[in-house]
């Protein structure tokens, strides 16, 4: 049936869907992602949506994008795209810079009206000439009129018809990449299960788009994407925020402590609240509180009451929660604080990614107030590190801050669903049977880990009082004794330091014997790993270490880093982790690669900078 | 059947810590009353939690042999809310002052009431910041002179009851620190009420605001300037028990029975359980000047609590499509197998 002419066999391709924020680009992108994952492709996505809820229609600020990379060896959504879908002149103007030379542009020429061109600040009526798009393959596609034609005579109003435009574009892309049109229809039917008429209309439009591609543009190169052959198992597509929520649930199962979330809506962390609110079907209690402070405080109350307690937020919310986290530090209660980082300061860039909350997480509280800090490396690693945050919180009776970010929180990839026994049991530090209840004191602690015992309210004979005033190091009675305070400060610090005995050591990737080690932390893993591979493949040998445990650092971390002549820390801030490491490795000058643009690294930026810094 | 229930005395609720409030502070009486109220309720100490914010009154949990948490300024309501949702079997008390509960913690206060979380909020109102040594509070009257208002305040106060009704509260009671019987009666009723209960206790700060409530609470005037409301009973007050509250159009009026043609039949009967808060609010707003200040249980109406709502929803959702494990839940979604 389909003549496959000009088939390019690529390891991976990157598609960027762009349009007005009301054009349904996220849905079209998501369906394409799911269909691709369904045939075994690795996928990585990057929704790039505007800060405004609904910017003026057709305006440059209202452009919404969804970029997805599919194929094998996919670690990132890609720096540049092979195919750009642009639903209006504004989207074309904003996104053409992301397109590779020679790439394909699918653009709705029906949108080239005087009005829309003006809104997108074009000076002429020929945007293609004005933008100088000679080097690209342009598919001038009448998306709007073809969508209307496909739905003619069905008695639908104009607004409902126009809502299907995104699916026409999806049909064209499915044709371009030889995707199974029926798989896409299954996703549409599921999405619109409660609106069969909408599902049917979209299905017709999808066919129309697919056929349009087939019938009129056979000359455009089509791609066939290799399928990846990953580890056997059952897979699903998952984004970082959902993975975070699920990791918490797994920790609840493995610790036997019920899961409580106290939260307040904030971009880009709200999806964690959304997911856990749905998970009443697993017994999760997710409470939307009146503000960020109430979010953390309700979690502290739930923790005292014996739950696995979590609060989720982004940078501004973390600032509001500081005093509450300090209370959990002095009360020595388990608490998981999730910060899905975004651009700051203040309201900053709410929908864009950054790693600028590291110092806030480490030090953003009054007094000597150490907490554990961990950071997931990828969307799927959010599951593992959310689990780890809970494990550390419960086993060490401490707040743990999980530093996710907008890039991995919203990005998705294929994820192998872990087997039931894949994650270890989490062992709450309950009062051991050899300690008599009558002689027990609330701040008595395990000699090795320095962790106090967790006495769950409701237990007879273990009534006790906690509080934010300094406590006697054994009895927990209020103490203003100077020596006791210093002892407690040191004890709280040492307790966190000893978590290092309970986390994995740092491993080195790339060429471990190289002179130079590239260092990263958190959500930049995919880009740094890809850059490492490229550097090693082009004769620039480099080792690579990626940190997911920030405080404490893995036990071997400083020794490993000290082996290298050059240490280069790459991060999406002005050098916070580099400063943190530099204080611990005073003898060596740590080099830095920094980017603070609200955007992820480009692999090329890393490669070029490493070569530059090691000349 | 009552025999099997272990019996508790006030002493069972006392911790071994020595009480450190100033001699003569109204908090001592409230603490002792709370110990007695808990014994009357009979909830075991290990099934009771007392959670406070910051301020003189917030020291109270240290003096209780229950689970206790002395937290941070203003946040007791939020912490108590999380506690109750997480561990709904326990009886939860929140101790706050007028600064802690209505200034820095005002937002949590109104939302706890609105949400109807099943906690018992004891609001110690002495119209002053005591722990920081004498600044005006959000309940201090306009013109009140304090260290932070040397020329008198230029703002109007909150009336706690009005906030409770504004937040659609279902339980409001009031007492005076020295009215031990009334305090105990209101505390017990607050604990038995399912939902957010607010008990305002007029408390005397002997150091920084001594006698602030005297115009109402002094023995020489108390009988005429207060009225003890009891559900199902006539609204009668006065040293001779000859005064009563009657309707006057949409408002209330204090009359002397036998004068101006008013008889006992005209005197209103208190109904604390009627869902409409119209009359409750009028009663609660009486300030002891033209109309007597109401003490006792002013409103006590049952409504679904937040924590029960959460439990019921978990049960309902799980019955319909509950999963035993996370893995089951994920496998029920969109997946593919790689062999």
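Protein chains in written order, with my numbering: chain A, 68 to 682; chain B, -4 to 334. Think of the CB as a built atom: it goes at the ideal place given N, C-alpha and C, for glycine as much as any other residue. Just so it is clear, the structure is predicted and the values come from calculations on it, not from any experiment.
Can you tell me whether residue 164 of chain A is buried or exposed, with buried defined as 16 or more other CB within 10 angstroms of its CB?
Answer is exposed; the Cβ neighbour count stays below 16.
For residue 568 of chain A, which three-state DSSP category applies?
Residue 568 of chain A: helix per DSSP, three-state reduction.
So the candidates are A/198, A/193, A/379; which of them puts its Cα closest to the Cα of residue 359 of chain A?
Measuring from the Cα of residue 359 of chain A, the nearest candidate turns out to be A/379.
By how many angstroms is the C-alpha of residue 29 of chain B removed from the C-alpha of residue 14 of chain B?
The alpha-carbon atoms of residue 14 of chain B and residue 29 of chain B are separated by roughly 14 Å.
Drop a sphere of 10 angstroms on the beta-carbon of residue 161 of chain A, count the other beta-carbons inside from all chains shown, and report buried for 16 or more, exposed for fewer.
By the neighbour-count rule (16 or more Cβ atoms within 10 Å), residue 161 of chain A is buried.
Decide if residue 277 of chain A is buried, meaning its Cβ has at least 16 other Cβ atoms within 10 Å, or exposed.
By the 10 Å Cβ count, residue 277 of chain A comes out buried.
On the three-pair Cβ rule with 8 Å, is the stretch 83 to 91 of chain B touching the stretch 375 to 390 of chain A?
No, they do not touch.
Is residue 238 of chain B near the ligand ADP, with its Cβ less than 8 Å from a heavy atom?
Absence of the ligand ADP from the depicted structure is noted, as is the absence of any ligand whatsoever, leaving it without description.
Exposed or buried, what is residue 93 of chain A when buried is set at 16 or more other beta-carbons lying within 10 Å of its beta-carbon?
That one is buried.
Whole angstroms are fine: how far does the CA of residue 66 of chain B sit from the CA of residue 534 of chain A?
Taking the straight line from one Cα to the other gives about 5 Å.
Give the C-beta separation of residue 235 of chain A and residue 272 of chain A to the nearest angstrom, bearing in mind that I take them to be a contact with Cβ-Cβ under 8 Å.
That pair is a contact at about 5 Å.
Please determine if the stretch 422 to 440 of chain A and the stretch 90 to 103 of chain B are in contact, where contact requires at least 3 C-beta pairs separated by less than 8 Å.
In short, these stretches do not touch, since the Cβ pair count stays below three.
Are the stretch 622 to 638 of chain A and the stretch 449 to 463 of chain A in contact at 8 Å, needing three or more beta carbon pairs?
Contact between the stretch 622 to 638 of chain A and the stretch 449 to 463 of chain A is absent, because fewer than three Cβ pairs lie under 8 Å.
Quick check: what's the CA-CA separation for residue 41 of chain B versus residue 62 of chain B?
Near 6 Å, if we compare the C-alpha coordinates of residue 62 of chain B and residue 41 of chain B.
If the criterion is Cβ atoms closer than 9 Å, does the pair residue 200 of chain B and residue 207 of chain B meet it?
In this structure, residue 207 of chain B lies closer than 9 Å to residue 200 of chain B by Cβ.
State buried or exposed for residue 332 of chain B, treating a residue as buried only when at least 16 other CB atoms are found within 10 Å of its CB.
Result: exposed.
Which residues in chain B have a C-beta closer than 9 Å to the C-beta of residue 327 of chain A? List them in chain order.
Those are 77, 80, 81, listed as they occur along chain B.
If you reduce the DSSP assignment to three classes, tell me which class residue 98 of chain B lands in.
Helix, per DSSP.
Between residue 203 of chain B and chain A, is the shortest Cβ-Cβ distance under 9 Å, so that the two count as touching?
No, no contact with chain A.
By alpha-carbon positions, which one of A/86, A/306, A/636, A/80 ends up nearest to residue 482 of chain A?
Residue 482 of chain A has its Cα closest to that of A/306, out of A/86, A/306, A/636, A/80.
Helix, strand or coil for residue 112 of chain A? Go by DSSP, reduced to three states.
Residue 112 of chain A: strand per DSSP, three-state reduction.
Any idea what DSSP makes of residue 354 of chain A, helix, strand or coil?
In this structure, residue 354 of chain A counts as strand in the three-state DSSP scheme.
Would a check of beta-carbon distances place residue 3 of chain B closer than 9 Å to chain A?
Answer no: the Cβ-Cβ gap between residue 3 of chain B and chain A never drops below 9 Å.
Let's see if you can read the secondary structure: which residues bound the beta strand (DSSP E) around residue 116 of chain B?
Residues 115 to 120.
Roughly how many angstroms lie between the CA atoms of residue 142 of chain A and residue 344 of chain A, to the nearest whole one?
Looking at the two C-alpha atoms, the distance is approximately 30 Å.
Just checking my contact of residue 391 of chain A with residue 364 of chain A at CB under 8 Å: how many whole Å lie between their CB atoms?
Between residue 364 of chain A and residue 391 of chain A the Cβ distance is about 5 Å, and since that is below 8 Å, they are a contact.
Strictly under 9 Å for the Cβ-Cβ distance: is residue 61 of chain B near chain A by that measure?
For residue 61 of chain B, the answer is yes, since a Cβ of chain A falls inside 9 Å of its Cβ.
Going by CA-CA distance only, name the one from B/77, B/269, B/257 that's closest to residue 292 of chain B.
Per the Cα distances, B/269.
Compare the C-alpha of residue 98 of chain B against each of B/277, B/235, B/190, B/124 and name the closest.
Cα-wise, what sits closest to residue 98 of chain B is B/124.
DSSP beta-bridge partners for residue 588 of chain A?
The partner list for residue 588 of chain A (beta bridge, DSSP) reads A/614.
So with CB distances below 8 Å, who are the chain C contacts of residue 153 of chain B?
Of the chains in the structure shown, none is chain C; the protein chains are A and B.
Where does residue 65 of chain B fall in DSSP's three states?
Strand, per DSSP.
Over what stretch of residues does the alpha helix (DSSP H) that includes residue 257 of chain A continue unbroken?
Unbroken alpha helix (DSSP H) run through residue 257 of chain A: 248 to 258.
Got a sec: is the Cβ-Cβ distance from residue 128 of chain B to anything in chain A below 9 Å?
No, its Cβ sits nowhere closer than 9 Å to a Cβ of chain A.
Going along chain A, which residues have a C-beta under 8 Å from residue 74 of chain B?
Simply 364, 365, 367, 368, 371.
Per the DSSP calculation, residue 603 of chain A is bridged to which residue(s)?
For residue 603 of chain A, which the question treats as bridged, DSSP gives no partner whatsoever.
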